[in-house]
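Every position in the sequence shown, counted from 1, becomes a number in the numbering used here once 320 is added.
Every residue, glycine too, gets a C-beta built ideally from N, C-alpha and C.
Computed from a prediction, not measured in an experiment: that's the story for all the values here.
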Amino acid sequence: MTSREEKLFAPGDLQVLVDRVPRVQLANLPTPLHDCPRLSETLGGPRILFKRDDLTGLALGGNKVRQLEFIMADALAKGSEMVIVGAGSQSNLCCLTAAAACKLGMRAILVLMRDDKSQDIEGNLLLDGLFGAEVRFVDTADFYQLPTFYEAVAVECRQRGQKSYIINPWSFAGTLATVGYVNFVLEFCQQLDEMKLSVDHIFTAATDATPAGLALGTKLLNPGFRVVGISPAHLKERATSRIARIASDTAKFLGIDLVIAPDEITNYEDYVGEGYGVMTRECREAISLVAETEGILLDPVYTGKAMAGLIDHIRRGKIGRGETVTFLHTGGTPLLFAYRMELTPHLVKGGMSAQ
Ligand SMILES: *Cc1c(COP(=O)(O)O)cnc(C)c1O
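Here it is, written out as structure tokens:
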């Protein structure tokens, strides 16, 4: 047993293991880490810093860029010309994969679920087109059904004589994506060191690789802050079990003998509202508050809900006034445009009136 105080790894030793994993450069790193004093003051709460992974640099940025550095390196190493990936019609992952494929001289086929945003060539869907991605719409509302479509597309590629690579976040690509966020912890800790800062909590929108990488990185380095994930969706498997499993798989992949248990993961599924991609009032208010106090754009699917979670924690006194919290901004900026109908009726300030 290791005590909570014990450091399992020195940063340099963990960096060596991460650096053994093939990687291509797609992101502009380190991303900025800065104070948000007007937001802190407005909330009457703790010191709040933003870690700007919305500024990772490729296209309009986001957490997927760090993840794709490892995934696309694997695709390249396997001689792939085509990458196949899928999700909802406004997927950040799909759009950024298409952008990464362009940068690396590959092409992308996106398998997108027909949903209530798929009619509208806006946000990520518009960008998918600009990146020349081949978009295939499929009639399913079940994420877990997508891999069967990928297989069919891969067969088609093979028949065309093209070597393809499937990015399935629930398989090996998910492990590689998680390495991106183990690497994030190393970067973040170094930044804190350089700025002579210590933080008590890091809040993030969290589904799979991001919270799993944070959980593994912080377990190994024990930097003294708590990771709090906010789910954007209710998935089949409980978030804490899923995240712990992905973190443990990634430890194994890196050659580290360590298992992370679900009870070591802090994750809230309380801010989802009606479901994935359905805006909540609290999310809309969080987006406006951050825009109006700091000039920073959150998104309606992930970071807006995560910020609603942070605000709720502050208001309920679960984070002390004297504490410091970092909000990891995971991106999603293009989604703002796809959700303009949900946002505009509420923009009554500054003379912009409801329709
Ligand atoms: C995908 C995404 C997340 C969740 O990332 P995971 O690595 O799947 O946990 C959070 N925020 C934004 C903006 C995303 O696009």
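Can you find a heavy atom of ligand 1 that lies under 7 Å from the Cβ of residue i?
i      : result
Tyr622 : yes
Asp569 : no
Asp448 : no
Ala525 : yes
Ala379 : no
Ala529 : yes
Lys625 : no
Gln430 : According to the sequence shown, residue 430 is Leu rather than Gln. Flag unset: Cβ of Leu430 not near ligand 1.
Ala497 : yes
Asp619 : yes
Lys556 : no
Thr600 : no
Gly382 : yes
Thr650 : yes
Asn412 : yes
Give the single residue among the options whose Cα lies nearest to the Cα of residue i.
i      : options                           : result
Ala420 : Leu346, Gly443, Ile566 and Phe647 : Leu346
Asp394 : Arg480, Tyr470 and Ile487         : Ile487
Glu361 : Tyr659, Thr650 and Thr644         : Thr644
Leu378 : Asp355, Ile404, Gly365 and Asn348 : Asn348
His354 : Arg372, Val344, Val338 and Asp339 : Arg372
Val403 : Gln335, Tyr464, Val475 and Leu536 : Val475
Thr613 : Thr650, Pro342 and Arg358         : Arg358
Leu534 : Gln387, Gly640 and Gly597         : Gln387
Thr351 : Glu401, Leu466, Val473 and Val505 : Val505
Arg340 : Ala472, Val499, Trp490 and Val610 : Val499
Gly595 : His633, Leu617, Pro531 and Lys556 : Lys556
Arg427 : Arg434, Gly399, Met433 and Asp436 : Gly399
Thr623 : Phe523, Leu424 and Leu512         : Phe523
Gln511 : Gly615, Phe463 and Phe370         : Phe370
Gly593 : Leu617, Ala611 and Ala553         : Ala553
Among the residues of its own chain, which have a CB less than 6 Å from the CB of residue i, if the five just before and after it don't count?
i      : result
Gly332 : none
Leu578 : Ala571
Cys422 : Phe451
Leu380 : Thr653 and Pro654
Glu514 : none
Tyr588 : Ile550 and Gly629
Trp490 : none
Leu337 : Leu574
Tyr591 : Ile550, Lys625, Ala628 and Gly629
Asp632 : none
Thr664 : none
Does any CB atom of chain D fall closer than 8 Å to the CB of residue i?
i      : result
Tyr596 : The chain inventory of the structure shown lacks chain D, comprising one protein chain alone.
Excluding the 5 residues preceding and the 5 following residue i in the sequence, name in chain order all residues of the same chain whose CB lies nearer than 7 Å to its CB.
i      : result
Asp448 : Cys414, Cys415, Ala418, Leu430 and Val455
Tyr659 : Met599 and Pro620
Val385 : Leu346, Ala347, Thr376, Gly377, Leu378 and Leu416
Pro342 : Ala393, Asp394 and Ala397
Gly494 : Asp528, Ala529 and Ile566
Glu389 : Arg343, Val344, Gln345, Leu346, Ala347 and Gly500
Leu617 : Ala611, Thr653 and Leu656
Gly509 : In the sequence as displayed, the identity of residue 509 is Cys instead of Gly. Cβ neighbours of Cys509 beyond the five flanking positions: Pro331, Leu541 and Pro543.
In chain order, what residues of the same chain have a beta carbon less than 8 Å from the beta carbon of residue i, not counting five sequence neighbours either side?
i      : result
Lys539 : Leu328, Ala567, Leu578, Ile580 and Glu584
Thr468 : none
Leu334 : Val502, Leu506, Gly537, Leu540 and Leu541
Thr650 : Asp373, Asp374, Gly382, Asn383, Thr524, Ala525, Thr530, Tyr622, Thr623 and Ala626
Completely contained beta strand (DSSP E) runs for the region 504-532, where each covers 3 or more residues: 521-525
Segment contact, 8 Å Cβ cut-off, at least three pairs: the region 560-576 with the region 591-608: no
Segment contact flag, the region 432-444 with the region 409-423, C-beta cutoff 8 Å, min 3 pairs: yes
Every unbroken beta strand (DSSP E) within the region 356-390, with a cutoff of 3 residues, ordered by chain: 367-372
Those runs of the alpha helix (DSSP H) which lie wholly inside the region 439-479 and span at least 4 residues: 443-450 and 466-479
Inside the region 546-607 only - alpha helix (DSSP H) runs reaching at least 4 residues: 559-573
The region 363-370 / the region 466-485 touching (three or more Cβ pairs under 8 Å): no
Inside the region 322-352 only - beta strand (DSSP E) runs reaching at least 3 residues: Taking 3 residues as the minimum length, the region 322-352 contains no beta strand (DSSP E) run wholly inside it.
Every unbroken alpha helix (DSSP H) inside the region 623-654 [4 residues or more]: 623-635
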